[in-house]
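*Asks:*
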Amino acid sequence: MTKCVLGVLAGVLLTGQAWGADLTGDWVFQAAPSFPRFTRMAIRQDAGGLHGTITSEWYGDLPMLDLKATGEGPAGERLVFHIDNGNPKLKPLDLTLAPDGAGIRLTGQVWYEKQGATAHRATAAEMAALDFPTYPLPAPAHVPANGQARTPPMGWSSWNKFAEAIDDKTVREIADALVRSGLRDAGYVYVNIDDGWQGERGPDGVLHPNAKFPDMKALADYVHARGLKLGIYSSPGPKSCAGYAGSYGHVEQDARTWAEWGIDYLKYDLCSGEGFYHTADTVQAVYQQMGAALNATGRPIVYSLCEYGRFDVGAWGRDVGGNLWRTTGDIEDSYASMAAIGFDKNGVPRHTGPGGWNDPDMLEVGNGGMTTEEYRTHISLWAMMAAPLLMGNDARSMTQETLALLGNAEVIAIDQDPLGRQGLPWRKQNGTEIWTRPLADGSVAVGLFNRTDKPVAMIADWPALGLGDHPSVRDLWAHRSVVSGAVHTVPAHGVVLLRATR
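All the letters of the sequence shown, read from the start, carry residue numbers -20 to -1, 1 to 482 under mature numbering (1 follows the signal peptide of the UniProt record, and there is no 0).
1) If you reduce the DSSP assignment to three classes, tell me which class G251 lands in.
2) Check the C-beta distance from A97 over to L86 and give it rounded, since I have them as a contact under 8 Å.
3) For a minimum of 3 consecutive residues, which ranges assigned as the beta strand (DSSP E) are wholly contained in the segment 182 to 209?
4) Within the continuous beta strand (DSSP E) that includes K94, where are the two ends?
5) If you compare alpha carbons, which of G88, A129, F15, P113 is closest to G335?
6) Suppose you measure from the CA of V453 to the CA of G422; what does that come to, to the nearest Å?
7) Between R356 and A319, what straight-line distance do the alpha-carbon atoms span, to the nearest angstrom?
8) Enumerate, from N- to C-terminal direction, the unbroken beta strand (DSSP E) stretches of 3 or more residues contained entirely within the segment 219 to 251.
9) Can you name the start and end residues of the beta strand (DSSP E) that Q25 belongs to?
10) Look at L390 and L447 and say whether their C-beta atoms are less than 7 Å apart.
11) With a Cβ-Cβ cutoff of 7 Å, do R181 and A239 count as a contact?
12) With distances taken between CB atoms, is the gap from L42 to A49 smaller than 7 Å?
13) Between the Cα of A444 and those of W296, R460, R407, A420, spot the shortest distance and give me the residue it belongs to.
14) I need the boundaries of the alpha helix (DSSP H) containing T382, first residue and last residue.
15) Out of G40, V90, V169, which has the shortest C-alpha to C-alpha gap to T114?
16) Who are V475's beta bridge partners in DSSP?
17) In angstroms with no decimal places, state the Cα-to-Cα distance between W362 and G322.
18) Would you give the residue range spanned by the beta strand (DSSP E) that Q10 belongs to?
19) Per DSSP, what kind of secondary structure is S464 in: helix, strand or coil?
20) May I ask you to report which of helix, strand or coil DSSP gives M342?
21) Label residue 528 either buried or exposed according to how many other C-beta atoms from any shown protein chain fall within 10 Å of its C-beta, with 16 as the threshold for buried.
22) Quick one, are the C-beta atoms of residue 506 and S215 less than 7 Å apart?
23) Rounded to a whole number of angstroms, what is the C-alpha to C-alpha distance between A27 and D111?
24) Please name the residue in A99, V476, N67 whose C-alpha comes closest to that of T76.
25) Could you check where the beta strand (DSSP E) with E413 kicks off and where it finishes?
26) From the DSSP output, which residues share a beta bridge with Y170?
27) Please state the DSSP three-state secondary structure of V266.
28) Tell me whether the segment 395 to 403 and the segment 461 to 476 touch, counting them as touching only if at least three CB pairs, one residue from each stretch, are closer than 8 Å.
29) In three-state DSSP terms, what is E153?
30) Excluding five sequence neighbours on each side, which residues of the same chain lie with their C-beta closer than 8 Å to the C-beta of Y147?
31) Could you tell me which residues DSSP puts in a beta bridge with P43?
32) Would you mind reading off the limits of the beta strand (DSSP E) that contains T87?
33) Which whole-angstrom value is the C-beta distance of V309 and M365, which I expect to be below 8 Å?
34) Indicate the three-state DSSP secondary structure (helix, strand or coil) for D310 in the structure shown.
35) Any idea if A1 is buried or exposed, counting beta-carbon neighbours within 10 angstroms, 16 or more meaning buried?
36) Quick check on the DSSP output: the beta strand (DSSP E) that includes Y283 runs from which residue to which?
Structure follows, in structure tokens:
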């Protein structure tokens, strides 16, 4: 997930009796909303015109772009500008600066959060106290491969079901449920804590977990004792997507802390970092920085790059030490979201393979927003893509139907095939798609997908697929062999997943 905004601020430049001074100068905000928590503002006017900077705890110093007076408003001219946090998708949002006694009142809305904060004129000392630190990025360098994720990672992640409402007790119970259900033995070994675990940094800069996680090392030991591995989450920015502490300025220190706890997996989510790192070079550099820091700990840690598929991440993900990289924004628990990602935003196939994988985001299976057939399509499509399989449901209370979907050993074998080739659509026609994926033993996985809202009869053209007239064919969801020339009735939004051997 990501919390981000492309905002427009509108202000009033007042002179005369209203203020007795204009809006230029230095200003400090008091008690601004937590997102993006504006702290100070500096506005100047010179021969080049008006220019300024507004500072945010989320995004640091942000230029006031296209700053200009419009000459509108009953009290005097209006000063209009916009800020760019590095996210190219969101539309501008209006805010207003207006007189409030001897100060300025900021109102409006930034993304989902209403703004309301007063600023007063600031001394040089007050401005200096709010200086936002900046840190150099490393020069381009190759981060050696860590040897992890030779097949797509499998496990569970907290965000899709629990969001910030995750704690030590729940993680332990999830670990026990993976063992009890047999899903650990099916390959789901990573137990990943997403956003919401972070507390405060101590005087030495070490980041501590919050009160919901009293002892992260003890939690890792508990998970490891059950034959599982523990994952964690952070951001290269000052704030995580949910507003907790990121690793900005503490990259190497955080990596060492996680290694000391016994962490096995890191999801590194760009989040507020996009305000600082929004070019191809800076994004690659900041992910390289963490990749090198993880390697330097000496602990094998799977490294998940979550920067939403920007800048052709699969082309350089391995070079910065990554083992998987998101190809898209966040998935939602709906067929429309899942299908749009799985069929249409699944990454560049040549980038995927042993040690590094295109990641179309976590599974939603069992969360209730799709039908059984749609969830079957979800898992089949992820398996055909050689995608990571990270459950996002409450593993403690799965139905037998959900367990059967997630635990299908024959489908998991497709996903985990050691050849590591990503499947591709072979034919798209009238809302149907036939996908193929070559496998290590010479067989071929074939997915018959129906994207329409009515059942459709489909047949595989085996000779055209290079498998001869009469290959041996197995239906992986029905768990039975089928006649090679069979016509398959594929349910609405459904799939028939086959494995064929010449």
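Built from N, CA and C at the ideal position, the CB exists for glycine as well.
*Replies:* Once the coordinates are examined:
1) The count along the sequence shown starts at 1 and reaches residue 251 at position 271. Note that residue 251 is Cys in the sequence shown, not Gly. Reduced to three states, the DSSP call for C251 is helix.
2) If you number the sequence shown from 1, residue 97 lands on position 117. If you number the sequence shown from 1, residue 86 lands on position 106. With a Cβ gap of about 5 Å, A97 and L86 count as contacting.
3) Entirely contained in the segment 182 to 209, the beta strand (DSSP E) runs reaching 3 residues are, in chain order, 187 to 189.
4) To locate residue 94, count along the sequence shown from 1; it is residue 114. Per DSSP, K94 belongs to the beta strand (DSSP E) from 93 to 101.
5) As a working note, residue 335 is residue 355 in the sequence shown. The candidate whose alpha carbon is nearest that of G335 is A129.
6) The residue given as residue 453 occupies position 473 in the sequence shown. The residue given as residue 422 occupies position 442 in the sequence shown. Each residue's CA atom was taken as its position, placing V453 and G422 some 13 Å apart.
7) Here residue 356 refers to the residue found at position 376 of the sequence shown. Here residue 319 refers to the residue found at position 339 of the sequence shown. Taking the CA atoms as reference points, R356 sits about 12 Å from A319.
8) As far as the segment 219 to 251 is concerned, its whole beta strand (DSSP E) runs of at least 3 residues are 245 to 249.
9) For the purposes of this step, residue 25 is taken as the residue at position 45 of the sequence shown. Its beta strand (DSSP E) spans residues 18 to 26.
10) Taking the sequence shown and counting its residues from 1, the one referred to as residue 390 is at position 410. Taking the sequence shown and counting its residues from 1, the one referred to as residue 447 is at position 467. It is worth fixing the name first, because residue 390 is Glu in this sequence and not Leu. For E390 and L447, no; Cβs fall outside 7 Å.
11) As a first step, residue 181 is located in the sequence shown; it is residue number 201 there, counting from the start. As a first step, residue 239 is located in the sequence shown; it is residue number 259 there, counting from the start. Going by beta carbons, R181 and A239 fall outside the 7 Å limit.
12) Numbered from its first residue, the sequence shown carries residue 42 at position 62. Numbered from its first residue, the sequence shown carries residue 49 at position 69. L42 places its beta carbon 7 Å or farther from that of A49.
13) Translated into positions along the sequence shown, residue 444 becomes position 464. Closest in alpha carbon position to A444, among W296, R460, R407, A420, is R407.
14) Within the sequence shown, residue 382 is the residue found at index 402, counting from 1. It spans 380 to 386 - the alpha helix (DSSP H) in which T382 sits, taken as one unbroken run.
15) Walking along the sequence shown from the start, residue 114 turns up at place 134. Out of G40, V90, V169, G40 has the C-alpha closest to the C-alpha of T114.
16) The residue you call residue 475 lines up with position 495 of the sequence shown. According to DSSP, which records beta bridges pairwise, V475 is partnered with F429.
17) As a position in the sequence shown, residue 362 is number 382, starting the count at 1. As a position in the sequence shown, residue 322 is number 342, starting the count at 1. Computed Cα separation, rounded: 7 Å.
18) As a working mapping, residue 10 is identified with position 30 in the sequence shown. Its beta strand (DSSP E) spans residues 5 to 10.
19) Start at 1 with the first residue of the sequence shown, and residue 464 comes out as number 484. Judged by DSSP in its simplified three-state form, S464 adopts coil rather than helix or strand.
20) Counting from one through the sequence shown, the residue named residue 342 turns up at place 362. Coil, per DSSP.
21) No statement about residue 528 is possible, as the shown extent of the chain runs from -20 to 482 and does not include it.
22) Since the first residue shown for the chain is -20 and the last is 482, residue 506 is missing from the structure and cannot be characterised.
23) If you number the sequence shown from 1, residue 27 lands on position 47. If you number the sequence shown from 1, residue 111 lands on position 131. Across the structure, A27 and D111 are spaced so that their CA atoms are roughly 26 Å apart.
24) Within the sequence shown, numbered from 1, the residue matching residue 76 stands at position 96. From the listed residues A99, V476, N67, the smallest Cα separation to T76 is found for A99.
25) Mapped onto the sequence shown, residue 413 falls at position 433. According to the DSSP assignment, E413 belongs to the beta strand (DSSP E) that extends over 412 to 418.
26) On the sequence shown, position 190 is the one that residue 170 refers to. Looking at the DSSP assignment, Y170 forms a beta bridge with G135, K209.
27) Taking the first residue of the sequence shown as 1, we reach residue 266 at position 286. Three-state DSSP puts V266 in a helix.
28) The segment 395 to 403 is not in contact with the segment 461 to 476.
29) In the sequence shown, counting from the first residue as 1, residue 153 sits at position 173. E153: helix per DSSP, three-state reduction.
30) Counting from one through the sequence shown, the residue named residue 147 turns up at place 167. This sequence places Asp at residue 147; Tyr is not what is there. Cβ neighbours of D147 beyond the five flanking positions: K192, F193.
31) Here residue 43 refers to the residue found at position 63 of the sequence shown. Bridge partners of P43 according to DSSP: T33.
32) In the sequence shown, counting from the first residue as 1, residue 87 sits at position 107. T87 -> beta strand (DSSP E) spans 83 to 90.
33) Start at 1 with the first residue of the sequence shown, and residue 309 comes out as number 329. Start at 1 with the first residue of the sequence shown, and residue 365 comes out as number 385. It should be pointed out that residue 309 corresponds to Gly in this sequence rather than to Val. Distance from G309 to M365 at the Cβ level is roughly 17 Å; contact not present, criterion being Cβ atoms closer than 8 Å.
34) By one-based count along the sequence shown, residue 310 stands at place 330. Three-state DSSP puts D310 in coil, outside helix and strand.
35) Indexing the sequence shown from 1 puts residue 1 at position 21. Unreliable positioning characterises A1 in this predicted model, as indicated by a pLDDT of 40, which lies under 50. The coordinate reading is nonetheless provided below. With fewer than 16 other Cβ atoms within 10 Å, it is exposed.
36) The sequence position of residue 283 within the sequence shown is 303, counting from 1. DSSP places Y283 in the uninterrupted beta strand (DSSP E) bounded by 282 to 286.
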